[in-house]
Each structure stands twice: as C-alpha cells, then as structure tokens.
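Enquirer: In this note's numbering, the protein residues as written are 1 to 231.
No residue lacks a Cβ here, since even glycine has one placed at the ideal position from N, Cα and C.
Values in this document were obtained by computation on a predicted structure and should not be read as measured data.
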C-alpha cells in the first residue's frame, strides 16, 4: 500500500514538494515492466494492427449485403484510420522511452524498433488498408506537444531526484534544463495556442458526408473495390 497509487497520491497531496523524491524512488523500480511493455507493443501490437481480425470479419459480413457502388463506398469508409488511438499509444511509448532512457538504457533499442514498425504499419494502413475519414487541420498537435513536454519534465525531475539521492552534483546541472523546458513550453503556448483553435481554410469547407472529390487521393484497394472510382 505504501507504494500503491493511493499511497503516492496521498503523499503528494500532503507534501507536493516531494514529487521529485517520489519519482526518483518509484520510477526506477518499474523499468523492467516498461521494457517488457515496449517489447510486447513492438512485436505484438503492430502485427495485430496489420491483421485487424475484428475489422476484417465485420467487413466480410457486411460485404455480402452490398448491392450498389454507393453502399460499397459507405462500407469502405467505415475502415478509417484511428488517429486518436494511434497518437495516444505512440505518445505514451515516447514518454516512457524518454523517462527511462537514462535510468534503463536497455529500453532504447526496443523504443527504436517500436517506432520503426509504427512508421511502416501506419504508412501501410493509410495507403492500402484504411480511409482517411477526416482532416483535423493539426488540432491534435497541441495535445501531443503538451504530452511530450510533460514527459520530458518528468524525465528531468526523475533524473534530478536520482542524482540528488546519491549526493551527486550533477543534479544541479539538470535544473537549468528544467527551466529552459518550461520557458520553451510557455513560448510555444503563447505563439501557437490561439492559432490552434482555427482550422486551415482548405479543411474548413470539406464535408466528410459528401461524395469524394475527383482530385482526392484514392488508395489502390479503394479503387479496386469501386465499380466507378471517378464518380
């Protein structure tokens, strides 16, 4: 219970300044678990995403009841790329790898393998297997940016606490980098936070419920399934 989530939350509530010490004492003990998690996500997660058995079964069943080309278009549009889930998992892995890059460097090659496979599978899905359902105009980037910055701060604070626990002077060297990170975060927020609320003009007029524009890129599998792809 002392090292559980409720125990840590209670200690942070009573003494917020202890966050550096808690990070330094808690995170290094979990390095083996997160290395195994990155390995499993690399080897199993991407392969399962390429296979997509649930989506494939649903597609084959619904295809039996398709009678017209418009019905086929609606069916194919259901196989859309899940940006929210993909970005969330990728950012989580990035934060974990950053946090343990100095505490457990063994995680770095598995993080590299994960993102190499993520690039290959995402590119394959976007070109051949899924439909780009909507254009967000970059609205996901502010959220991703904040998550990455927070992960970097956690890494810096953890490293500061670990060095301080061994009375190593290197902990003082990291403090300026924490300040630089906070200043950079504030600067980016002040420059681009308001702009991120507005979509680009080329995305604002597009309606996903309309027929496909003639000049829109169509994946090869999409063209093959449609009787009249230029419609």
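On the DSSP bridge assignment, give the partners of residue 131 in chain order.
Expert: For residue 131, which the question treats as bridged, DSSP gives the partners 80.
Enquirer: So which of 150, 173 and 148 has the shortest CA-CA distance to residue 160?
Expert: The shortest C-alpha separation from residue 160 is found at 173.
Enquirer: Are the region 137 to 154 and the region 61 to 81 touching, with three or more C-beta to C-beta distances below 8 Å?
Expert: They do not touch, by the three-pair rule.
Enquirer: Report yes or no: do three or more beta-carbon pairs, one from the region 28 to 37 and one from the region 100 to 107, lie closer than 8 Å?
Expert: Judged by Cβ distances under 8 Å, the region 28 to 37 makes contact with the region 100 to 107, as three or more pairs qualify.
Enquirer: Do residue 165 and residue 114 count as a contact pair if the criterion is CB distance below 7 Å?
Expert: It is not a contact, given that the beta carbons lie outside the stated cut-off.
Enquirer: Use the C-beta contact count for residue 130: other C-beta atoms within 10 angstroms, 16 or more gives buried, fewer gives exposed.
Expert: Classification for residue 130: buried.
Enquirer: Using a threshold of 7 Å, state whether the C-beta atoms of residue 39 and residue 110 are closer than that.
Expert: The answer is yes: Cβ separation under 7 Å.
Enquirer: What is the rounded straight-line gap between the Cα of residue 78 and the Cα of residue 140?
Expert: Between residue 78 and residue 140, the C-alpha separation is close to 21 Å.
Enquirer: Given a cut-off of 7 Å on the beta-carbon distance, is the pair residue 34 and residue 96 in contact?
Expert: Closer than 7 Å, so yes.
Enquirer: Can residue 142 and residue 196 be called in contact, C-beta distance under 7 Å?
Expert: Yes.
Enquirer: Please list, in chain order, all residues of the same chain as residue 93 whose beta carbon is under 7 Å from its beta carbon, the five residues on each side excluded.
Expert: Same-chain partners within the cutoff: 38, 41, 111 and 114.
Enquirer: Output the distance between the C-alpha atoms of residue 145 and residue 68, rounded to the nearest integer angstrom.
Expert: C-alpha separation (whole angstroms): 44 Å.
Enquirer: For residue 67, name the three-state secondary structure that DSSP assigns.
Expert: Residue state, collapsed to three classes: coil.
Enquirer: With distances taken Cα to Cα, identify the nearest neighbour of residue 49 among 123, 158 and 66.
Expert: Nearest option by C-alpha distance: 123.
Enquirer: With residue 43 as the anchor, note down where its alpha helix (DSSP H) starts and where it stops.
Expert: Premise fails: residue 43 is in no alpha helix (DSSP H) and is neither H nor E.
Enquirer: Going along the chain, which residues of its own chain have a beta-carbon closer than 8 Å to the beta-carbon of residue 153, five neighbours each way excluded?
Expert: So the qualifying residues of the chain are 178, 181 and 182.
Enquirer: Whole angstroms are fine: how far does the CA of residue 55 sit from the CA of residue 64?
Expert: Going by the C-alpha atoms only, they are around 15 Å apart.
Enquirer: Hey, how far is the Cα of residue 104 from the Cα of residue 59?
Expert: Each residue's alpha carbon lies about 43 Å from the other.
Enquirer: Whole angstroms is fine: what's the gap from residue 81's alpha carbon to residue 91's?
Expert: Each residue's alpha carbon lies about 17 Å from the other.
Enquirer: Name the residue from 171, 138, 169 and 158 whose alpha carbon lies nearest to the alpha carbon of residue 194.
Expert: The candidate whose alpha carbon is nearest that of residue 194 is 138.
Enquirer: Got a sec? Which residues, its chain only, sit under 7 Å from residue 53 by beta carbon, not counting five neighbours each side?
Expert: None.
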